[in-house]
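Colleague: Before anything else, here's the structure in question.
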Amino acid sequence: MAMQCKKCDGKLEVNRSCGRVRMRCSSCRHEYQIHEVADQLDSETEAILERYTCLIYD
């Protein structure tokens, strides 16, 4: 099951920009820091995040 936005139940996707990695809803475009949705991490998303050497929490 795909990760879902807490605001609208849209699908969360990994979004990398300017030295940061966030999860962004494909529907409402709300962004979450990784730790805010860590309880939802699935194996597909974990595999994507493993490619980054560090995650920056703003």
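Position 32, counted from 1, in the sequence shown is what the working numbering calls 24; the numbers after and before it change by one each time, with no gaps. C-beta: ideal position from N, C-alpha, C; glycine also. Keep in mind that this is a model prediction, so the values were computed, not measured.
For D34, tell me which candidate among S19, K(-1), M15 has the shortest Cα-Cα distance.
Modeller: The candidate whose alpha carbon is nearest that of D34 is M15.
Colleague: Which residue marks the beginning of the beta strand (DSSP E) containing L33, and which one marks its end?
Modeller: Counting along the chain, L33 falls outside any beta strand (DSSP E), and DSSP gives it neither H nor E.
Colleague: From the DSSP output, in three-state form, read off E23 for me.
Modeller: Here E23 sits in strand by DSSP.
Colleague: When you measure from the CB of E38 to every non-hydrogen atom of the ligand ADP, does any distance come out below 7 Å?
Modeller: Only the bare structure without any ligand can be found here, which leaves the ligand ADP out of the picture.
Colleague: Near K(-1), which residues of its chain fall below 8 Å by C-beta distance, leaving aside the five closest residues on each side in sequence?
Modeller: If we look at K(-1) and ignore the five residues flanking it on each side, its Cβ neighbours are C17, C20, H22.
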